[in-house]
Amino acid sequence: MVNGQQDHICWGGGHHHHPHHHLVLRRVTAGYGAEPALHDISFEAACGSTLALIGPNGAGKSTLLNALAGLLPIWSGDILWNNTPLAAHMNEIAYLPQRNEVDWQFPITVRQLVEMGRYPSVGMWGAMRPHDKEIVDKAICTLGLQDLQNRQIGALSGGQQQRCFLARALAQEAHILLLDEPFTGLDVPGSEALAELLRTLAGEGRLVIASHHDLATAPQIFDQALLLRRELIAAGPVADVLTPQNLNKTSVPA
């Protein structure tokens with residue numbers, strides 16, 4: 261409950277999602293130094309879809325994810341969710357960093373990592389209520405991590421580690437899942453399993469946004485794409501975006 265109203269939760273395909281559950285960016289500019297890493301970006305996306313961020317190194321893919329996650333203040337423009345500033349809904353966003361940015365030697369178990377998804381609701385030092393424990397259990401079961409929940413995260417394979425972070429996102433009951441190069445370092449079976457999982461999560465009503473560099477697999481994983489080179493080159497269905505003409509504008513080989 262928030263302000264006396266029932267939260268809308270994207271959890272399972274049987275839920276109904278209101279048409280205003282849209283992410284809208286209007287002329288967003290952001291960066292780290294004197295020069296913008298992203299300039300004048302505008303697009304819309306909705307729950308129930310998978311969106312690939314595609315472009316060469318330095319195109320602004322990670323910058324866009326960081327801005328959406330609230331980790332990087334934007335210089336200008338608007339980012340809206342439910343027709344209000346996204347900053348007011350940060351509990352509805354889950355960010356999954358690149359695997360090489362995570363300290364996998366940190367002494368934490370799979371279950372403890374997933375429980376971190378409940379921190380926005382109970383606080384970092386708050387006690388887990390029966391309801392919270394049920395949500396954690398459901399997230400672990402949904403991602404097939406029951407037999408791994410007491411294992412240290414550093415002892416897992418790359419695919420298992422990605423599933424742990426997605427389970428944490430489910431425990432958070434996030435609407436928007438932001439993933440930075442989630443397929444990097446995974447073998448073919450791990451990549452295929454993750455792709456199927458992302459499609460399933462979107463099919464249950466979440467918005468999945470991920471940076472991606474493999475043009476060959478993008479059409480099988482994502483239904484929408486955003487082609488970037490600091491500015492927006494194209495946006496829309498993957499097949500319409502990843503054309504030779506558009507890719508030539510980014511210096512990404514077709």
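Numbering-wise, my numbering puts 293 at position 33 of the sequence shown, and it's gapless, one number per residue.
Each residue gets a CB set at the ideal place from its N, CA and C atoms; glycine is no exception.
Closest by C-alpha distance to Trp335, out of Arg411, Trp341, His435, Thr323, is Thr323.
Under the 10 Å beta carbon count, Glu441 is surrounded by 16 or more other beta carbons and is classified as buried. Look at Phe366 here: in three-state DSSP terms it is coil, with no helix or strand label. Following the DSSP letters along the chain, one finds Tyr355 inside the beta strand (DSSP E) bounded by residues 353-356. The beta-carbon separation of Leu439 and Ala470, rounded to 4 Å, stays under the 8 Å limit for a contact. Secondary structure note for Leu313: its beta strand (DSSP E) is the uninterrupted segment 310-314. Around the beta carbon of Lys321, a 10 Å sphere encloses 16 or more other beta carbons of the protein chains shown; the residue is thus reported as buried. Nearest in C-alpha terms to Gly377, of all of Val396, Ser417, Leu416, is Val396.
Note on the region 283-332: whole beta strand (DSSP E) runs with a minimum of 3 residues are 296-306, 310-314, in chain order.
Beta-bridge partners of Ala494 (DSSP): Leu487. With a beta-carbon spacing of about 16 Å, Ala478 and Val448 fall beyond the 8 Å limit used to define contacts.
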